[in-house]
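Numbering (the working numbering), first residue to last: -18 to 662. Note that beta-carbon positions come from the ideal geometry of N, C-alpha and C, so glycine has one too. Quick caveat: nothing in here was measured; it's all calculated off a predicted structure. Report on the structure given below.
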C-alpha cells in the first residue's frame, strides 16, 4: 500500500525534525539514511509528477543537504522529470536562493555530496551568459580539439558536473583538462554570470579533494577566478582556507588521518552500519588540499598582497600563535608544528610570503619577520632555509649586498668554496655587523649540529663541520654567544621564554648568556627525554668546538660547556650493581636455560640488546670523560667551581669502586684515569 510508505516517510521526517542538532549522532545518521531510502521508494511509485512533489523533494534536499542518502534520490527524481514542463520551483528567481543553500556542498570532501548537489542545481533555469562560445570559431580543428564536440556549453554547472562524473584515467585525463580549461576561458572572457561565481569557486575548490592529478589546472583556473572577481569570491576562499587549515590542525593534534569517520569509533552493529553508509574516503589528504589552496594564492601574489591583513593571521595560526595577539616569538603551540605534512605546508606558506613582496601593511609584519629569522632560518631543511632567507631579504635591506654569500652557505655544493672565499671581517659594514652575523650563524647551525647535512661519508662530514666551525671562529667572543645558545636549541630542554633572550640579536650578548645559566636545565628529567643520538651528537659537537676554537673563544664558555658535559656524565652513572647485572646478561650464554626454539630466540635477542646497550652506554660515558680530561689538561688554571666537582665525583664514584678491575683488564689507560692524570698536574 503506497499510503503506508508515504506515511512512513512523513513520520521519519517529523521524528528527525525534533531531533537534537548534533549531526554526527550515530542514531540520527541512521534515521536520515532510512528517510533517504523511503524517499527513493516513494519516487518509484507509478504516478505523475506535480509541483508539490518537486517542492517536497527540494525541501528534503535543503533540510538534509549534508546527507548523501537523501540528496541521491532527490537528484534521481530531478533527472527523470519531464523537462518540457515549466516548474516555477526551478525558475531563475528561485535559483539564487538554492545557490546560497547548496553552494558550500560543492567544496565538501565527499565527492558523492558534491556530485548529487551539482545534479540538482543543473536543473534550475540557466542565467544568461555573455558572448556566444562560437563567436570566433577556429578555421581548422586540431585532433586534440575533437573531444570538445561533446563538451557541455552554456552552463558552467554542467562543466563542473562532467568533471565530477568522469572517472580519471589515461584516456580521460586530457578531456578533464579540456573541461577545466573551458571554465578558465569563460572566466577570462567574462562569459559566466555573476550568480554562478560563488558556485564555481566552491566547485573548483571541491575538485582539490578528488584523488587524481588535476591539481595544477584546477589551481590555475581558480587563480583566474580570484584575479578577475576578487570582491565576489575572496571572503569565501579565505574562509575555506581557514577551515581546511583548522581541520588539518585537528587531525594533526589527535594523530588522526583525513579518512577518520564514525565507523572507526564503533565495533558494534551501529558501527558496522556506519561503515556501510559512510565507507572510508579516498579523497585528497587535508594537508595536500591546504597546499593546493596556497599554491593558488601564489599564482595571484598581487591579490594576496592587497589582502595581507586577512591572509597572514592564518599563517600565524598555522605557526602556533594567537593570530589576534601574538606575544613572543617563543610563545607558540609546538604540538601543531611538527611532521612531514606540516613541513610541506610550511614551505607553501613561506613561498607565498616571498611572492607577496614583504606585506608591510600587515600589523604584525615585524613579528613575522622575527619568527622567520629566529625559528626557521636555522632549520635542518635547506629548502626551508632558502625560502626564509628570500623572505628576510625583502624586509632587511642590509642583507641584500650579501645575498649570494648567504645563499651559498645554504647550498651543500657551494658551501666549501664559500667558507674559504668569504671574509666576514672585511666584507661587512660595522653598522650591520651584528645583524648579518646573527643570520650567518643561524644559516650554518644545521651544518654544525647534523652531520648528514654535509656529506654522505662520516669522516668527510666531520671534516666539513670543522671547516664550518673554523669559519664561525672568525667572530668575536661576544658574537659567539648566539652560536652557543642555538647549539642547545634542538634539544628542546630550554624553555622558549629563556631562548627568547637570544632570538633577538641585540640581546644575545655574552653577559646575557652567562646570566642565563643554561646548564641548570640539564636535569635528570630533561636528559631522559633525549635519545642516545641527540646526546652523542651534542657531545661530539662540543669535542669538535674544543678542537677548532682557540682559547680566547672557548674560555668564556667553559662554565657552560663543562656544566653540560658533567650533567650528561651524571646521567650515565647508574648504580654499579645495575651495570654489573646488565653486563652479566650480555656475557651470559644465549643458549643456556632455553628449552624451546622460541625461548632460545628470545634469549638471543635479549642478549644482543643488552650487549649493545652496555656498549653504547660506556661509549657515551667515555666521551664525557675524554672531554673533561681535555679541558682539565688545556685549561689547568680555570676554576670550575665546587658545583662542578660535586657533580663530577658523584658521577665517577661508582667507577672508582671498580677502578682496579677495569684498569687491569684494559691495555690503554681508562678515560677516568686520564682525568685523574690531568687533575694531578
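Residue 600 sits exposed, since fewer than 16 C-beta atoms from the chains shown fall within 10 Å of its C-beta.
The segment 350 to 365 makes contact with the segment 316 to 332: 3 or more CB pairs, one atom from each, lie closer than 8 Å. A contact between stretches requires three or more CB pairs, one per stretch, nearer than 8 Å, and the segment 342 to 356 fails this requirement with the segment 399 to 414.
Closest in C-alpha terms to residue 50, from the list 318, 11, 391, comes 11.
If you draw a straight line from the Cα of residue 186 to the Cα of residue 57, it comes to about 25 Å.
For the set 218, 170, 164, 157, the Cα lying nearest the Cα of residue 179 is the one of 218.
Here residue 445 is buried. Its C-beta has 16 or more other C-beta atoms within 10 Å.
Of all C-beta pairs linking the segment 306 to 318 to the segment 384 to 402, fewer than three are shorter than 8 Å, placing the two stretches out of contact. Collapsing the DSSP output to three states places residue 17 in a helix.
Across the structure, residue 391 and residue 368 are spaced so that their CA atoms are roughly 11 Å apart.
Taking a 10 Å sphere around the C-beta of residue 460, we find 16 or more other C-beta atoms and assign the residue as buried. One thing to note: residue 656 has its Cβ within 9 Å of the Cβ of residue 613.
Sequence-distant Cβ neighbours of residue 68 in its own chain, meaning closer than 7 Å and more than five residues away, are 32, 35. Secondary structure of residue 497 (DSSP, three-state): helix. Assignment of residue 552 by DSSP, reduced to helix, strand and coil, places it in the helix class. Counting only residues of its own chain and dropping the five nearest sequence neighbours on each side, residue 322 has a CB closer than 6 Å to the CB of 268. 396 is the residue among 403, 396, 413, 402 whose C-alpha sits nearest the C-alpha of residue 426. Within the same chain, Cβ atoms closer than 7 Å to the Cβ of residue 455 are found at 405, 406, the five residues on either side in sequence being excluded. Rounded to the nearest whole angstrom, the CA to CA distance from residue 447 to residue 620 is 28 Å.
Close CB contacts of residue -13 within its chain, under the 7 Å cut and outside five residues either way in sequence, are with 23 (chain order). Separation of residue 429 and residue 353 (C-alpha to C-alpha, rounded to the nearest whole angstrom) is 20 Å. In the three-state scheme derived from DSSP, where H, G and I count as helix and E and B as strand, residue 275 is classed as helix.
Looking at the backbone, the Cα of residue 380 and that of residue 221 are separated by about 36 Å. Distances from the alpha-carbon of residue 401 to those of 277, 450, 355 put 450 closest. Under the three-state reduction of DSSP output, residue 618 falls in the coil class, being neither helix nor strand. Around the C-beta of residue 630, fewer than 16 other C-beta atoms lie within 10 Å, and the residue is accordingly described as exposed. Taking the Cα of residue 468 as reference, the smallest distance to any Cα among 41, 509, 521 is reached at 521. Residue 271 and residue 193 have their C-alpha atoms roughly 16 Å apart. In the structure shown, residue 337 falls within a coil segment according to DSSP collapsed to helix, strand and coil. Around the beta carbon of residue 101, 16 or more other beta carbons sit within 10 angstroms, so the residue counts as buried. Assigned with DSSP and collapsed to three states, residue 469 falls in coil, not helix or strand. Taken atom to atom, the span from the alpha-carbon of residue 452 to that of residue 375 is near 26 Å.
Counting only residues of its own chain and dropping the five nearest sequence neighbours on each side, residue 229 has a CB closer than 6 Å to the CB of 267, 268, 271. Taking residue 79 as reference, the option from 43, 53, 107 with the minimal CA-CA separation is 43. Looking at 398, 182, 356, 166, the one whose alpha-carbon comes closest to that of residue 81 is 182. Taking 9 Å as the cut-off, the beta carbon of residue 141 is found no closer than this to the beta carbon of residue 168.
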